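What follows is a single structure, written as structure tokens, with notes after it.
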Amino acid sequence: MKKVKYVGVILASLVLAFNVAYGSEFVSPIRQIINYHKYGQDIYKDPILNIIEKSKVELKEPQTISELVRYSVGKQPIPKKIASDKFDKKLVQKLIEIAKQYLGTPYRFGGTSRYGIDCSGFTMKVFDKLGIKLPRTASEQAHVGKLAINLKPGDLLFFKTYRKHHPGHVGIYIGHGLMIDASSAYGKVVIEPINQPYFKKHFLFAKSLL
């Protein structure tokens, strides 16, 4: 008990010393982060919020068949408005082919192999086969690439899960309103529609790497 009080006295003395040295306005960076809501966004702002605020992409199905053009990966279409963009169809085709090889692979948190893989491990492995190195976690991958303006096949889709404004899930958009991802809900790598209520509610932004 005496040791706890002793430590408390030392901490109090340190705070007092900093206040004397730097003025009463001094607040440690750690306290700024911990007390983010108390001190406000002007003092500390998570960089991911800047990405979210700039994102204009919405998860929705293509409006009409006439707005679509066919391309060589199965029967997946690409909106015409992005077909004329700098868009490497062969590279995207290869990406989707690699991703589909993982279909049915068991979901395992922290996994990065065919015996078990999680969402960010899946995206990391798929892009690695194309020579594109991604960080390990979804939150780290969210800082890679360019913010997608028009959603296109090959883009990474980021979703919040347990924490607000924090990317906790990532998948790969493959066109025609579909995403391939390592799903904890299904317990394996699957292809699923992105216009589901859960995804619409939790979607944060998309990033383009190709």
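Quick note, in our numbering, the sequence shown goes up one by one and the last residue is 210.
Note that beta-carbon positions come from the ideal geometry of N, C-alpha and C, so glycine has one too.
The structure displayed is predicted, hence computed values, not measured ones.
In three-state DSSP terms, what is residue i?
i	result
phenylalanine 158	strand
tyrosine 173	strand
proline 193	strand
serine 55	coil
proline 47	helix
lysine 201	helix
leucine 180	Per the sequence shown, the amino acid found at residue 180 is isoleucine instead of leucine. If DSSP states are grouped into helix, strand and coil, isoleucine 180 belongs with the strands.
threonine 123	helix
lysine 129	coil
leucine 134	coil
glycine 40	Reliability of the predicted coordinates at glycine 40 is poor, the pLDDT of 41 falling under 50, and the value obtained from them is presented with this limitation in mind. DSSP places glycine 40 in coil when its eight states are reduced to three.
Tell me whether residue i is buried or exposed, calling it buried when 16 or more other Cβ atoms sit within 10 Å of its Cβ.
i	result
proline 167	buried
lysine 207	buried
phenylalanine 127	buried
Would residue i and residue j be called neighbours here (beta carbons separated by less than 8 Å)?
i	j	result
threonine 123	glutamine 141	yes
lysine 129	isoleucine 117	no
glycine 121	alanine 185	no
glycine 187	leucine 95	no
isoleucine 98	phenylalanine 205	no
What whole-angstrom Cβ distance do residue i and residue j have, given they're in contact under 8 Å?
i	j	result
leucine 49	isoleucine 132	That pair is no contact at about 26 Å.
phenylalanine 159	histidine 169	4 Å
leucine 178	proline 193	6 Å
What does the alpha-carbon distance come out to for the pair residue i and residue j?
i	j	result
tyrosine 105	arginine 114	For the record, residue 105 in the displayed sequence is threonine; it is not tyrosine. Going from the Cα of threonine 105 to the Cα of arginine 114 covers about 6 Å.
threonine 161	histidine 202	7 Å
isoleucine 191	alanine 148	21 Å
leucine 156	glycine 171	6 Å
lysine 90	glycine 110	31 Å
proline 135	lysine 152	22 Å
histidine 176	asparagine 150	13 Å
arginine 163	phenylalanine 199	15 Å
Does the beta carbon of residue i sit closer than 8 Å to a beta carbon anywhere in chain C?
i	result
arginine 163	The structure shown contains no chain C; it holds only a single protein chain.
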